[in-house]
Amino acid sequence: MDLILQLLANGVSNGSQYALLGIGFGLIFGTTGIVHFAYGPVLAASAYVMWWLAASLGLPFPVALVLGVAFAGIAGVVAYLVLYEPLLARGSPSFVVLVASLGLFILVSNMMAVLFGTDAKTLSDISYGIYVLGDVVITGVQLVQIAVFVIIAVGLAIFLRTSAWGNAIRAVTDNVAMARIIGIDTRKVAIVVFALGSMISAIGAANILVRDGASTHIGFFAVFYAFISVVVGGVGSVWGAAIGGLLLGLVESAGMWKLPTEWQSTIAFMVLFVVMLWRPTGLLRGN
Amino acid sequence: MDYVYHVLVMVCLYAILAISFNVVIGLAGLFALSHAAFYAIGAYTTAILTTQYGVPVLPALVCGIVLTGVIGAIAALPALRIGGHYLVVVTLALQIIVIDVLRNAQGLTGGPDGISGIPRLTLFGQTLSTPGSFLVLAAAVAAFVYLITHMLAFSPFGRALRAMREDELAAQSIGKNVVALKLIAFAFSAASAAIAGSLLAHYITFVSPQSFSIDETILVLAMIILGGTGNLFGAAAGAAILVALPELLKLMALPVGTADLLRNAFYGLMLILILRFRPEGIFPERYRYRLPESAKRAAGVLEVDAWTRPVRGEVTLAGNDLHKNFGGIVAANGVDLELRSGIVTGLIGPNGAGKTTAFNLLTGFLTPTAGRVSMRGLPLADRRPHRIVRSSIARSFQDLRLFKRMTVLENVLTAFPDQLGDRLWNVFLRPFAVRAQDHANMARALEVLDFVGLRDRAEQSADNLSYAEEKLLVIARLLATDAEVLLLDEPLSGLDPTTLDQVLPIVRRLAEQGRTICLIEHNLDVIREVCDVTAYLDGGKVLAFGKPEELMRDPKLVERYIQ
Chain A
94 MDLILQLLAN GVSNGSQYAL LGIGFGLIFG TTGIVHFAYG PVLAASAYVM WWLAASLGLP
154 FPVALVLGVA FAGIAGVVAY LVLYEPLLAR GSPSFVVLVA SLGLFILVSN MMAVLFGTDA
214 KTLSDISYGI YVLGDVVITG VQLVQIAVFV IIAVGLAIFL RTSAWGNAIR AVTDNVAMAR
274 IIGIDTRKVA IVVFALGSMI SAIGAANILV RDGASTHIGF FAVFYAFISV VVGGVGSVWG
334 AAIGGLLLGL VESAGMWKLP TEWQSTIAFM VLFVVMLWRP TGLLRGN
Chain B
1161 MDYVYHVLVM VCLYAILAIS FNVVIGLAGL FALSHAAFYA IGAYTTAILT TQYGVPVLPA
1221 LVCGIVLTGV IGAIAALPAL RIGGHYLVVV TLALQIIVID VLRNAQGLTG GPDGISGIPR
1281 LTLFGQTLST PGSFLVLAAA VAAFVYLITH MLAFSPFGRA LRAMREDELA AQSIGKNVVA
1341 LKLIAFAFSA ASAAIAGSLL AHYITFVSPQ SFSIDETILV LAMIILGGTG NLFGAAAGAA
1401 ILVALPELLK LMALPVGTAD LLRNAFYGLM LILILRFRPE GIFPERYRYR LPESAKRAAG
1461 VLEVDAWTRP VRGEVTLAGN DLHKNFGGIV AANGVDLELR SGIVTGLIGP NGAGKTTAFN
1521 LLTGFLTPTA GRVSMRGLPL ADRRPHRIVR SSIARSFQDL RLFKRMTVLE NVLTAFPDQL
1581 GDRLWNVFLR PFAVRAQDHA NMARALEVLD FVGLRDRAEQ SADNLSYAEE KLLVIARLLA
1641 TDAEVLLLDE PLSGLDPTTL DQVLPIVRRL AEQGRTICLI EHNLDVIREV CDVTAYLDGG
1701 KVLAFGKPEE LMRDPKLVER YIQ
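Just so you know, the protein sequences line up as chains A and B, in that order.
Residue numbering for the first sequence follows our numbering, beginning at 94 and increasing consecutively.
Residue numbering for the second sequence follows our numbering, beginning at 1161 and increasing consecutively.
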C-alpha cells in the first residue's frame, strides 16, 4: 500500500513534468502542424543558459530563470522565422519541414555538446526540502513540478479561452484556411505559439536543471516525451497533452512496481504503441 | 591503405542502409525513424546466435533477416490506421525501445558493453580479417541489395508504392491494398537493414548499443535527402559522400569526442541546407523513364467495343436505404439508388446534398450507418475499397487525385487489375513474366490514352497537364480498371466546350457498350445531353428520379435547385 502511494506520488510528479512539456510542444504542433523537434535542444539550451547565469555569473536563480525563459522564447521564434517559415512559404510538404527540424535538432544538440562538454551541469547552491507524509517521501522539486504544471495549464487554458490572441490561436488550430479567410494573421499566430511553447519548455528545463542538472541529452527525452504526451492525449487541446503526460507518468510509475527502473521508458513507449493501435487519434479527441 | 578500404567498407554498409531506408521514405512516402533499430536487430541477432549458440554464419544471417522483417512489419501496424506524424512518433518509440532492450537485457545482449568475439567471415577458405578482403564481400552484398531494390522500385509493385505515396485514396480506388503495401515495404526495408547489421557485426567483430542510436537513423536519412528521395542511386551516392566527407575532420587535430560531435552537427547543417536549397537532392527521383519501343509498336487502337455486355437495363450496382451520420450531421438519410447496365445515370442536387457521400457509400470509402449495397442483387462480400474494384465497381474523385509525381502512362498503367508484378514474390521469382506482362500493359495503356486523346502526353509527368487533360487522365485511369460500373464525380465540371465535345461521346460510347455509368454533374445542359435518367438528391436522399426532361419540368425541383 505504501509502495503504491509512493509510486502514485512519483507518477503524478513525473507525469506533471511530461504534461508541462507536452502542453508547450502541443501548442506549437497543434497550431502550426510543425513537428518541432528542435523543441528539445531549445529546452536544453535554456537549461544551460540558466545554469551559466546562475553558476558562472552568480545571478540569483529567479533572475536566471526569467532570462532563461526569455531566451527560449526568442530561440523558438528564431527557429520558426529562419528555418520553418521559408520552407512553408515555398509550399514544402510536411515531410520536408519535419526532416529540417530533425536537422536543426542534431545541429544544435551537437554544437551544445561541443561548447559545454557532455558532463551534467548542476547547481550546487540550490536546495529543496524533502517531505515525509506517512510513508511517502516527496521532494520539494516534485511538489514544484506539480504546482508549476497546474498553474501553467490552467493559465494557458484561460488565455486561450479569453484573450484575443487565444481566440486567434484556437481558430488557427481548428482550421487554418478558414482563419486566414476571416483575416487572422497566421504568421503572427505562429510566432506567438513558438514563443509561448518555447517559454513553457524553459520552465520544464528549470525543473530538470534543479533536479538532475543540465546535460546535452535532456533535449531529446524532453521533446520525445512531449510528443508522446500530445499524441497519446490527442492533438489540438491543452487538456489532451495534459492527460497524455499524466497518464504516461502514472503508467511508467506503475511499471516500477514490478520492473527495475531502467525499463521505465520502454513501458512508456509500449503505452504509446497500444494507444496508437487502439485509438489512433489520441484519447481525448483528434483532428 | 587499410584505412581507405575501411572507409569504403563503411560506404558499402551505409549504402545498403540508405537504399533500403529509401524504400520506405522515398518510394512508399512513409515517414519512419526506426531504421537504426532494424540495423541493430540484424547485428545483434548475428552476434547472439554466433557467439552464444554457436549457430553457423548463414543460418544466423537468415534468422536476423526474418526476425527484423517481422518486427518491421509489426512496427508498421499503427501506420496502417494513421499516417504522417503519428508514424514518426511510433517508430521513434520503437527505436528507443530497441536501444533500451539492448542496454538492459544484460544476459542476452551484454548490456552497454555489447558483445565481442563475433567470428570473422570466411569466404572460399579465406578469413576476411582485413578491411581489404572484407571490402570485396561488402561491395558484392551492397550491389546485390541495390539490384533487388532496383527490381522492386521499377516493378508494378514499386509503382503501386509510389501511387500510394502520391495519393492513398486514389491507390485504393484502383484496387491497391495499401495495408499490404505498407507492411511489405516496411518488412523489406527492415530485412535489408538487417543484412547491413549482420555484415557490421562480422566486420567489427563487436556490437554495442552506441552504434545504433537515433543519430544513425538521422544520418541515413541525411544520406537519402542529400542523394535524392526516391532515387536508389542517389541514396548510395549520399552514403558515399556522407561517410567519406567527415573523414576530412580527421585531418584536423581534434579530440576524438569533439570530432564525432562536429560530424553530427555537420550532418544536421547539411540536412537544413539541402532542404532549403535543393529539396529534391543531388539526383532527383527518376520516373520519366523512356517507354520501350516494343510497347509503342504493339499499341494499336483500343478495342472498346470488344467489351460488351449483352443485357441492357439490368440493375447492377444498387444502394438501398443508405444512411450515414457523422456525429450529429446526417450526410445520407436513406439513399435509394439503382444503376442499370447500358444506362448513364446523372446525379444532381445542390452542394451538400450528399452526392459524393452516396459515391463513398457505394464504393466502400465510407461504411453506411445503415442500409445495403448490392451488385446484381448480391450484397458485396468484402466492402474494402480496393476489393470493391475487383467486384467491377470503380469511382473517380471530384478533386481528381492523380498520381502527380508519376508519368501520365504510369497513372493508367497502375490501374490495370491483376498485375503479376503487384505481388512482390513474382517480381523476384518470375521477373521475365512480370516484364512481359508489363510491356503488354504499357501497350494497352497507350491505347487507353489514345482513346481519350492523351497519347502524346504519355511520357510526361502528370503534374504538367492542363486541367482539361487532367480530367481526361482521370477517365483514362478509371477505364484502365476495366470495371463494369463507373462512378464519375464531376468529370465534366470546369471543362471548355471543345473538351466537353471530346468527353461526352466517350461517356456515351462506354454506356453503349453496356457499362453502367453514374455521374455527378451540375450543368443541366450536359445532363440533358448525356444522361438517360437523372436522380435528384437533396438532404441526403433521392427526392426524384426520372428522365432528365421530366425532372426539369418539375417546377418544385427547378425552384429548389436553380432558385
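In this text, a Cβ means the ideal position worked out from N, Cα and C, and glycines have one as well.
At a cut-off of 7 Å between beta-carbon atoms, Asp-1260 of chain B makes contact with chain A. Sorting B:Ile-1434, B:Val-1183 and B:Gly-1506 by C-alpha distance to the C-alpha of Leu-1664 of chain B places B:Gly-1506 at the top.
Taking 8 Å as the upper bound on Cβ-Cβ separation, chain B lies near no residue of the region 287–298 of chain A. Secondary structure note for Glu-1498 of chain B: its beta strand (DSSP E) is the uninterrupted segment 1489–1500. Counting along the chain, Tyr-111 of chain A sits inside the alpha helix (DSSP H) bounded by residues 95–125. Around the beta-carbon of Glu-1681 of chain B, 16 or more other beta-carbon atoms lie within 10 Å, marking it buried. With a minimum length of 4 residues, the unbroken runs of alpha helix (DSSP H) contained wholly in the region 1320–1359 of chain B fall at 1328–1333. Under DSSP, Lys-351 of chain A forms no beta bridge with any residue. Three or more Cβ pairs closer than 8 Å define a contact, and the region 1571–1585 of chain B meets that threshold against the region 1637–1654 of chain B. The C-beta of Ala-1425 of chain B comes closer than 7 Å to at least one C-beta of chain A.
By the criterion of at least three beta-carbon pairs nearer than 8 Å, the region 1171–1183 of chain B is not in contact with the region 176–192 of chain A.
Burial check for Met-1412 of chain B: the Cβ neighbour count within 10 Å stays below 16, so the residue is exposed. When beta bridges are read from the DSSP output, His-310 of chain A appears opposite no residue. In the three-state scheme derived from DSSP, where H, G and I count as helix and E and B as strand, Asp-228 of chain A is classed as coil. Ranked by how close their Cα comes to the Cα of Ala-1298 of chain B, the residues B:Ile-1355, B:Thr-1309, B:Gln-1370 and B:His-1245 have B:Ile-1355 in first place. For Lys-1564 of chain B, no alpha helix (DSSP H) run applies, since DSSP gives it neither H nor E. Setting aside the 5 residues that flank it on each side, Leu-343 of chain A is surrounded in the same chain by Gly-104 and Gly-108, each with a C-beta closer than 6 Å to its C-beta; the list follows chain order.
Spatial neighbours of Thr-1210 of chain B in its own chain (CB-CB distance under 7 Å, excluding positions within 5 residues in sequence) are listed in chain order as Val-1217, Ala-1220, Ile-1278 and Pro-1279.
If you compare the alpha carbons of A:Ala-138, A:Lys-351, A:Leu-365 and A:Gly-227 with that of Leu-339 of chain A, the shortest gap goes to A:Leu-365. Just so you know, the alpha carbons of Ile-1225 of chain B and Ala-1351 of chain B end up roughly 5 Å apart.
Scanning chain B for C-beta atoms nearer than 7 Å to the C-beta of Phe-252 of chain A yields nothing, as the closest lies near 25 Å away. Contact of Gly-1244 of chain B with chain A by beta-carbon distance below 8 Å involves Ser-187.
Of the other Cβ atoms in all chains shown, fewer than 16 fall within 10 Å of the Cβ of Tyr-1627 of chain B; this residue is therefore exposed. The alpha carbon of Val-285 of chain A has as its nearest neighbour, out of A:Ile-167, A:Gly-348 and A:Pro-153, the alpha carbon of A:Ile-167. When C-alpha distances from Glu-1650 of chain B are compared across B:Ala-1593, B:Thr-1516, B:Leu-1717 and B:Arg-1544, the shortest belongs to B:Thr-1516. Residue nearest to Gln-357 of chain A within the set A:Phe-314, A:Leu-377, A:Leu-376 and A:Ser-220 is A:Phe-314 (criterion: CA-CA distance). Residues of chain A with a Cβ closer than 8 Å to the Cβ of Leu-1422 of chain B are, in chain order, Asn-203 and Val-207. Across the structure, His-1546 of chain B and Ala-213 of chain A are spaced so that their CA atoms are roughly 55 Å apart. Close partners of Phe-164 of chain A in chain B (Cβ separation under 8 Å) are lacking, with about 20 Å as the shortest Cβ gap. Taking 7 Å as the cut-off, the Cβ atoms of Val-128 of chain A and Pro-1439 of chain B do not count as close. For Leu-1431 of chain B, the enclosing alpha helix (DSSP H) stretches over residues 1416–1437. Within chain A, the residues placing a beta-carbon under 8 Å from that of Thr-1418 of chain B are Val-207, ordered along the chain. Sequence-distant partners of Thr-1206 of chain B (beyond 5 residues in either direction) whose C-beta falls short of 6 Å from its own C-beta, in its chain, are Ala-1220, Gly-1224, Ser-1358 and Ala-1361.
Judged by pairs of C-beta atoms under 8 Å, the region 1378–1393 of chain B does not touch the region 1264–1275 of chain B, as fewer than three such pairs exist. Among the residues of chain B, those whose CB is under 9 Å from the CB of Glu-355 of chain A are Asp-1260, Arg-1263 and Asn-1264, following chain order. Residue range 1645–1649 is occupied by the beta strand (DSSP E) that includes Val-1645 of chain B, with no alpha helix (DSSP H) assigned at that position.
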